[in-house]
Amino acid sequence: ACMYTTEQRRAALEALVRSGYDFEATRREVGYPDVTTLRRWLRDFEERGEVVRPCSSRSSGRYTEEQQRAAVDHYLSSGRKAVKTARELGYPDRKTLMRWVDELAPGKRRRASAGDSATTAERLAAAVAFDGRQGSAEAAAAELGYCVSTLYSWHSEFLGRKGGGTLRDPEKAARDAEALRAEVAELERRLRALRLEVAVMEGTREILKKGPGTDPKRLGNAEKALLVNSLRRDGWRLREALSAVSMAKSSYEYAAKALLRGPAGGRGARDRELDREAVVAAYEAGRGAYGYRRVAAAIDAAGGRHVGEWTVRSIMAEEGLRGRAVRRRRRYSSYAGEVSEAPPNLLRAGDGSHDFRAGAPNAKWVTDVTEFKIPAGKVYLSPVVDCFDGMPLGWSISRSPDAEMANSSLERACEWLRDGDAPVVHSDRGGHYRWPGWIAICGERGLVRSMSRKGCSPDNARAEGFFGRLKTEFFIGRDWEGTGLDEFAASLDDYLRWYRDERLKSDLGYRSPMQYRRDLGLLTAK
């Protein structure tokens, strides 16, 4: 490094800054030194405070509109690459220049790597047009939409030299291009054949449940017909599929008709496909939360078709559809100490058991607060659930687990009260349920307060079960990265409305709480 003077080092670093800190481009431009030495010079100068590295995320705000327009015009008219444009002007970096081009001249960005995607015919046409240009090479490059260096490369490929000239042998070039096209077509044919072979092997394993070493050509006609039907649904032509399994068209047509007819008293392949469509539709309508029993019930509720539970289970296994299983998670605790005197646990019998059953609406309510933690922050939910049918009567969603959240959910639940109703409102010993606001609402509405024992979650098992299903079906296993708190709250509210109005519950005869009350003539809410 000592063989270079301070002026030479400074000149190299100035070129480095102009290039947007492209070390390799700088080395090629000035002819010295190697990249490692250049990095060491930059570090030495920065330590002495002689060179200040610009921020890598420079915004266009430091450049005037005239400077931006000048840079874009130079890039478009010169035909040079973005890095060379920035080097010649001294600004900006390549990424910023490309953003300016997209903003000030949409659709004019040149194809910097056109040589990788252009066909032989396109390259030949561009080389001929470039050879016959009237103006400068830069102007011709801008008009054709390729870099000057790329056009010179193609010109050399077809004309034999980088200067002007004429085609050596246009007919030979055309023959070469045709030969290349034929080679590409053959490669595409072979690739399609390999893809078909893979599709046949996968179908043999997944649809027919055969071993991986099974020869498709040794299958029975019924099995071959099933496999061909699957290939056709995936977009393969009938002729290709028949050839892959060595089956005559007449044999396929006979076997396919037999599958549609099905065995005497049985269900044919067409029925199986209709069952499959119904199962997938019911599973998706259930937001991926239903197991095979609820999917079967949803199909029955839709009317027009019945699919047995074991058939549903089989199809769900084939399609990889699974209901979400409840997983226990550490719950949020709202206990804030003994704020006020706690009422007794009215749902606990003398033998220590709990009775959450209710013979009518608005007899027993349970409530609690749970926490959802996502990358954007925390969200809290306070619902009031009726033990009669598990309906969430009211809920509040908040970023802070305060008294207002609990009080507002109770007020919403009270809108379902009828004359003479005096439900027991059971909660844990959280501070929300022992503050004056909550106690006042209960007194005004005629609600009877009940509380669990300290630190005993089974005393409020009905609320815990509600949270378990909610988090399993709505929250756990989903990627919440990039979801804002407001967006999450809206999604949670949408799920709760779906749970109340549409979600099928097995203990209600596979009806939603709202449908159950409607069938019983109990909908008298506001």
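Count along the sequence shown from 1, add 975, and you get the number used in the numbering used here.
A virtual CB, placed ideally from N, CA and C, is assigned to each residue, including glycine.
Asked	Found
Do Trp1075 and Arg1098 count as a contact pair if the criterion is CB distance below 7 angstroms?	no
Mind checking who Ile1372 pairs with in its DSSP beta bridge?	Leu1356
Terminal residues of the continuous beta strand (DSSP E) containing Thr1535?	There is no way to answer for residue 1535, as the model of the chain reaches only from 976 to 1501.
Give me whichever residues DSSP pairs with Asp1361 in a beta bridge.	Trp1340
Counting along the chain, where does the beta strand (DSSP E) carrying Pro1426 start and finish?	For the sequence presented, residue 1426 should be read as Met rather than Pro. Start and end: Val1423 to Met1426.
Less than 7 angstroms separating the beta-carbons of Ala1464 and Asp1343?	no
Less than 7 angstroms between the beta carbons of Lys1429 and Arg1404, yes or no?	yes
Counting Cβ pairs closer than 8 angstroms, one from the segment 1381 to 1390 and one from the segment 1478 to 1493, do we hit at least three?	no
Going straight from the alpha carbon of Glu1163 to that of Glu1177, what length do you get?	21 angstroms
Can you list, in chain order, the residues of its chain whose CB lies under 8 angstroms from that of Ala1102, leaving out five sequence neighbours each side?	Leu1126, Trp1129, His1130, Glu1132, Phe1133 and Leu1134
Over the uninterrupted beta strand (DSSP E) stretch that includes Glu1346, give me the two end residues.	Thr1345 to Ile1349
Using beta-carbon positions only, say whether Val1287 and Trp1340 come within less than 7 angstroms of one another.	no
Helix or strand or just coil, what does DSSP make of Pro1191?	helix
Under the three-state reduction of DSSP, which class applies to Tyr1433: helix, strand or coil?	Per the sequence shown, the amino acid found at residue 1433 is Pro instead of Tyr. Of the three classes helix, strand and coil, the one that applies to Pro1433 here is helix, per DSSP.
Excluding the 5 residues flanking Gly1138 on each side, which residues of the same chain have their C-beta closer than 8 angstroms to its C-beta?	With a pLDDT of 46 at Gly1138, under the threshold of 50, the modelled position of that residue is not reliable, and the figure given next carries that caveat. Excluding sequence neighbours, Gly1138 sits near nothing in its chain.
Measure the beta-carbon distance from Leu1321 to His1329 and round it to whole angstroms, keeping in mind my assumption that it falls under 8 angstroms.	Their Cβ separation, rounded to whole angstroms, is 10 angstroms, which puts Leu1321 and His1329 out of contact at 8 angstroms.
If you pair each beta-carbon of the segment 1354 to 1367 with each one of the segment 1329 to 1338, do three or more pairs fall below 8 angstroms?	yes
Cβ of Thr1095 within 7 angstroms of Cβ of Leu1013?	no
How far does the alpha helix (DSSP H) with Ser1131 in it reach, from first residue to last?	Val1123 to Leu1134
Find the nearest neighbour of Pro1081 within the set Asp1048, Trp1391 and Asp1106, judged by alpha-carbon distance.	Asp1048
Need the endpoints of the alpha helix (DSSP H) that Ser1402 sits in, please.	Premise fails: Ser1402 lies in the beta strand (DSSP E), Val1399 to Ser1402, not in any alpha helix (DSSP H).
If I'm right that Trp1370 touches Leu1392 with Cβ under 8 angstroms, what's the distance once you round it to whole angstroms?	Trp1370 to Leu1392, Cβ: 16 angstroms. No contact.
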